[in-house]
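Visitor:
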Amino acid sequence: MHERLDIDFVSAGTTCRAWFYPARTDAFRTTEGVPCVVMAHGLGGTRDAGLEPYAERFASAGLSVFLFDYRHFGASDGEPRQLLSVRRQLHDWRVAISVARRQLDVDAERVALWGSSFSGGHVIAAAARDGQVAAVTAQGPMMDGLAAVTNLASYAGIVHLLKLTWAGIRDAINNLAGADPYLIPIVGRPGTLAAMSSDDAYDGYHAITPPGWRNEIAARFALTLALYRPGKRANRLPCPALIQICDEDSVAPPWAAEATALHAGERGRERHYKIGHFDIYRDAGFRQSSADQVAFFSEHLTPEAMETRRRERSRAKRADRGKSPISLR
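Counting from 9, one number per residue, gives the positions in the sequence shown under the numbering used here.
What follows is the structure, encoded as structure tokens:
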């Protein structure tokens with residue numbers, strides 16, 4: 009393993025921890041520095057659960073990388089542990105992007121976001137809100153919580169969904185009472201109560217997790233999952249987005265990812281892989297997905313691409329200023 013640095017940053021008063029990988033070649037270097045890819049995991053994932061090979065691949069290609077853990081998970085602080093809050097995680101993304109831009113040798117105008125599974129939706133929402141992100145990649149992304157809940161009911165059954173909802177209610181009651189969270193497994197075998205229990209979920213997730221990874225999550229997330237639909241923000245993206253779709257995905261419905269790419273308009277680009285949700289992290293899936301990501305970043309993080317985008321924004325601003333106000337009679 010090559011050099012990487014430990015970076016601590018504070019998000020809403022809580023310390024989060026990241027690894028910063030300096031670029032190892034000058035392929036992307038300009039007088040302003042090198043681009044930086046900001047990365048974080050999906051549902052219950054941590055930075056050491058299958059993401060290090062991606063970070064190493066990007067650093068070797070000439071990109072710097074800022075890979076962080078959310079509050080409540082992994083190496084980051086935050087109590088209670090294993091609490092997934094979409095609002096808090098999106099705030100962590102906002103702060104992480106800001107901190108990445110301030111790292112030594114990083115070109116602040118060439119920051120890209122990388123997401124996978126649940127964070128594949130986060131990067132769409134985070135980029136849309138930030139407005140200055142230069143590129144986005146989202147692999148096997150969860151773009152629509154309602155679609156994910158419907159998909160879970162289709163493979164696990166309505167009884168499973170009701171049990172998951174009751175677990176969420178129980179956890180919410182614990183929270184109101186000041187008790188410890190009611191935790192359920194993140195992944196389980198088919199027929200068991202877990203956030204994900206498709207045929208390939210248990211073995212697939214455990215294939216990328218390190219020793220000591222906690223297969224637990226506070227159940228209350230299940231009560232709001234259907235309301236989180238980040239793909240609908242794709243039309244507000246300020247940059248190109250590569251949507252990498254696993255056609256045999258049992259967890260994140262492929263059609264929702266396709267709809268997101270369509271919603272992104274000319275900024276969206278689809279890439280399909282005939283593999284399952286967890287196959288993209290390993291072996292041929294990793295090699296192909298990471299190669300496609302490096303090629304995408306190589307196309308859109310060049311000085312020429314950035315200058316083209318600046319001209320487009322300038323023209324759009326002039327067009328907006330030139331519009332006549334509409335009077336109502």
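For each residue, glycine too, the CB sits at the ideal point set by N, CA and C. The model shown is predicted, which means the values in this text are computed figures rather than measured ones.
Helix, strand or coil for M151? Go by DSSP, reduced to three states.
Guide: Your numbering for residue 151 matches position 143 in the sequence shown. In the structure shown, the three-state DSSP call for M151 is coil.
Visitor: Hey, out of P149, R319 and R275, whose CA is closest to P262's CA?
Guide: Counting from 1 along the sequence shown, the entry for residue 262 is found at position 254. For P262, the nearest C-alpha among the options comes from P149.
Visitor: Please state the DSSP three-state secondary structure of S332.
Guide: Reading the sequence shown from its first residue, position 324 is the one you call residue 332. At S332 the pLDDT is 49, less than 50, meaning the model places this residue with poor confidence; the figure from the coordinates comes in the next sentence. S332: coil per DSSP, three-state reduction.
Visitor: What's the gap between the Cα of G186 and the Cα of F229?
Guide: Position 178 of the sequence shown holds residue 186. Position 221 of the sequence shown holds residue 229. Approximately 17 Å, taken between the alpha carbons.
Visitor: Check for me: the beta strand (DSSP E) holding I251 runs from which residue to which?
Guide: As a working note, residue 251 is residue 243 in the sequence shown. Run containing I251: A249 to C254, per the beta strand (DSSP E) assignment.
Visitor: Identify the continuous alpha helix (DSSP H) that holds P88 and give its terminal residues.
Guide: Your numbering for residue 88 matches position 80 in the sequence shown. It is not in any alpha helix (DSSP H) - P88 carries neither H nor E in the DSSP assignment.
Visitor: Assess contact between the region 279-298 and the region 49-66, defined as three or more Cβ pairs (one per stretch) separated by less than 8 Å. Is contact present?
Guide: yes
Visitor: DSSP on D208, reduced to helix/strand/coil?
Guide: Locating residue 208 in the sequence shown gives position 200, counting from the first residue. D208 falls in the coil class under three-state DSSP.
Visitor: On the DSSP letters alone, give me the boundaries of the beta strand (DSSP E) that T23 sits inside.
Guide: In the sequence shown, counting from the first residue as 1, residue 23 sits at position 15. From DSSP, the beta strand (DSSP E) with T23 extends over T22 to Y29.
Visitor: What residue does the beta strand (DSSP E) around Y281 start on, and which one ends it?
Guide: Taking the first residue of the sequence shown as 1, we reach residue 281 at position 273. First-last of the beta strand (DSSP E) with Y281: G276 to Y281.
Visitor: Please go through the region 54-139 and give each complete beta strand (DSSP E) segment of 3 or more residues, from N-terminal end onward.
Guide: 72-76 and 114-124
Visitor: Would you be able to state if there are at least three C-beta pairs under 8 Å between the region 122-133 and the region 246-263?
Guide: yes
Visitor: For L184, is the classification buried or exposed, using 16 other Cβ atoms within 10 angstroms of its Cβ as the cut-off for buried?
Guide: Reading the sequence shown from its first residue, position 176 is the one you call residue 184. Classification for L184: exposed.
Visitor: By the three-class DSSP mapping on this structure, what secondary structure does T145 have?
Guide: If you number the sequence shown from 1, residue 145 lands on position 137. Residue state, collapsed to three classes: strand.
Visitor: To which residues of the same chain is W221 closer than 7 Å at the C-beta, ignoring the five residues directly before and after it?
Guide: As a first step, residue 221 must be located in the sequence shown, where it is residue number 213. The answer, listed in chain order, is T54 and A57.
Visitor: Can you give me the start and stop residues for the beta strand (DSSP E) that L13 sits inside?
Guide: Within the sequence shown, the letter at position 5 stands for residue 13. L13 -> beta strand (DSSP E) spans L13 to S19.
Visitor: Please identify the residue among F294, F305 and A156 whose C-alpha is closest to the C-alpha of I283.
Guide: Translated into positions along the sequence shown, residue 283 becomes position 275. It is F294.
Visitor: Taking its Cβ as the centre, do 16 or more other Cβ atoms sit within 10 Å of R237, making it buried, or is it exposed?
Guide: Within the sequence shown, the letter at position 229 stands for residue 237. Buried: at least 16 other Cβ atoms inside 10 Å.
Visitor: Between T217 and R319, what straight-line distance do the alpha-carbon atoms span, to the nearest angstrom?
Guide: Taking the sequence shown and counting its residues from 1, the one referred to as residue 217 is at position 209. Taking the sequence shown and counting its residues from 1, the one referred to as residue 319 is at position 311. Going from the Cα of T217 to the Cα of R319 covers about 44 Å.
Visitor: Between which residues of its own chain and L235 is the CB-CB distance below 7 Å, once the five residues before and five after are set aside?
Guide: The residue given as residue 235 occupies position 227 in the sequence shown. Here the set comprises G153.
Visitor: Would you tell me roughly how many angstroms separate the C-alpha atoms of F28 and L71, rounded to the nearest one?
Guide: Working through the sequence shown from its first residue, we reach residue 28 at position 20. Working through the sequence shown from its first residue, we reach residue 71 at position 63. Near 11 Å, if we compare the C-alpha coordinates of L71 and F28.
Visitor: Pull the bridge partners of I192 from the DSSP assignment, please.
Guide: Counting from one through the sequence shown, the residue named residue 192 turns up at place 184. BP columns for I192 point to I225.
Visitor: So that I know if they touch, is there some Cβ in chain C lying closer than 8 Å to that of E320?
Guide: Among the chains in the structure shown there is no chain C, since it carries only a single protein chain.
Visitor: List the endpoints of the continuous alpha helix (DSSP H) containing V42.
Guide: Position 34 of the sequence shown, counting from 1, holds the residue named residue 42. Here V42 belongs to no alpha helix (DSSP H); instead the beta strand (DSSP E) covers V42 to M47.
Visitor: Evaluate the contact criterion for the region 185-204 versus the region 238-254: three or more CB pairs, one atom per stretch, below 8 Å.
Guide: no
Visitor: Given a cut-off of 8 Å, decide if N223 and P193 are closer than it, judged by their beta-carbon atoms.
Guide: Locating residue 193 in the sequence shown gives position 185, where the first residue counts as 1. Locating residue 223 in the sequence shown gives position 215, where the first residue counts as 1. Yes, Cβ-Cβ distance for P193 and N223 is below 8 Å.
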